[in-house]
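Basically the numbering used here = 1-based index in the sequence shown + 131. We put the beta carbon where it would ideally sit given N, CA and C, even for glycine. Keep in mind it's a predicted model, so treat the numbers as computed, not measured.
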Amino acid sequence: MKAMVLDRPRTPLVLVNRPDPVPGPGEIRVRVEACAICRTDLHVVDGDLPNPTVPLVPGHEIVGIVDLVGQGVSTGRLGRRVGIPWLGHTCGRCSYCTHEAENLCDQPLFTGYTRDGGFASHVVADAAFAFDLDAPDPVALAPLLCAGLIGWRCLKKAGDGQRLGLYGFGAAAHIITQVALWQRRRIFAFTRAGDHQAQEFARSLGAEWAGTSEELPPVELDTAIIFAPVGELVPAALRAVRKGGRVVCGGIHMSDIPSMPYELLWQEREVLSVANLTRSDAREFFPIAQQAGVNTYTTTYRLEDANQALDDLRMGRLNGAAVLQP
């Protein structure tokens, strides 16, 4: 198999040849068709997240075909197209797992962080955490495995408010905009200063307003989701939401939130975070994405061009999602 490997954080990935992996009990091997690149991959590669299991194959928005099954896995899964997400395994025993909060498991494994991921021609996954997919286009499907699923979890946490602000208009925001509009919400998009391309992209998808994160929207927001990993956006979003409004932080990593006056939080405004995802999120989201007619906007790269794709994401040169194709 071919794989792009991270030997240590803050260094470029290296293309290597490895023996084809063999699935263990309860596992499957997947021939990777497409693997989207998530901002979390950047946090792993750039050393923002501590203690990755190195050497490591990053990537956790994986779509591919099951070509080998381990002991205890039905051979009926052979030849099936599956998706492999960030949450790669849970203990099933801790209080979180037994109370429908497996995303907070005490002993989890994460794809592309603590176990090898999809920047490769093949990957081994826990069969219980690989979702059967029916749609025909693996490139279009790949961003749904994290940008879509985490975006969906954020949208649920945001509540039912109609005036929704999205801070950071990348892969997750462009998917959730389409779902939210299908739900008849109003979208207000916030980007970094000078990113007119992202603002135009947001408007083209149906955003009612698009501006910079330093601006206030033309109306008070009911709720806001922050996808950009920038702590300064928390007080900015609190200024934009109404009394009783809610701000959801959707990233796994964020820079420090600066000191702010209590009046921004007062009047029962809330700040929430979203961590990981659950398998029930996927069971809810994939049918909804189909009903909403979600289209993912992608830029494809060869596997060996993963470093270029990561840099394009890092520097904000992409609209939508980057996708590697082995």
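When only Cα atoms are considered, F332 and I168 end up about 19 Å apart. Distance from the CA of K288 to the CA of L403, rounded to the nearest whole angstrom, comes to 8 Å. The beta carbon of L396 sits closer than 8 Å to those of L369, V402, all from its chain and outside the five residues before and after it, given in chain order. Fully enclosed alpha helix (DSSP H) runs of no fewer than 4 residues occupy 170 to 176 of the stretch 168 to 217, in order along the chain. Looking at the DSSP output, G342 shares a beta bridge with F321. Of the residues L347, D237, G243, V254, the one whose Cα lies closest to the Cα of G201 is V254. Taking C-alpha positions only, A278 is separated from T427 by approximately 10 Å. Comparing C-alpha distances from T242 to each of N450, C222, E192 shows the shortest one belongs to E192. Across the structure, L280 and R149 are spaced so that their CA atoms are roughly 31 Å apart. Along the stretch 270 to 299, the beta strand (DSSP E) occurs as fully enclosed runs of 3 or more residues at 294 to 298, listed in sequence order. The stretch 409 to 417 and the stretch 336 to 343 do not touch, with fewer than 3 CB-CB distances between them shorter than 8 Å. Take D412, set aside five residues on each side of it, and the residues of its chain with a beta-carbon closer than 7 Å to its own are L280, W283, R284, in chain order. The beta strand (DSSP E) runs of length 3 or more contained entirely in the stretch 329 to 408 are, from start to end of the chain, 340 to 343, 352 to 357, 372 to 380, 401 to 404. Going by DSSP, Q456 is part of no alpha helix (DSSP H) but of the beta strand (DSSP E) stretching over 452 to 456.
A check of alpha carbon separations from T245 across L449, P181, T431 identifies P181 as the nearest. Counting along the chain, the unbroken alpha helix (DSSP H) around A437 starts and ends at 437 to 445. Contact annotation: the stretch 267 to 277 does not touch the stretch 290 to 297, with fewer than three C-beta pairs closer than 8 Å. In this structure, L187 lies near L137, with their beta-carbon atoms less than 7 Å apart. V310 and I215 have their C-alpha atoms some 22 Å from each other. Under the three-state reduction of DSSP output, D412 falls in the helix class. For F262, the pairing in a beta bridge is given by DSSP as G214. Note that the C-beta distance between I388 and V365 is below 7 Å. Inclusion of G248 and G299 in the CB contact set at 7 Å is not warranted, their separation being larger than that value. Annotated as distal: I306 and L286, with beta-carbon spacing of 7 Å or more.
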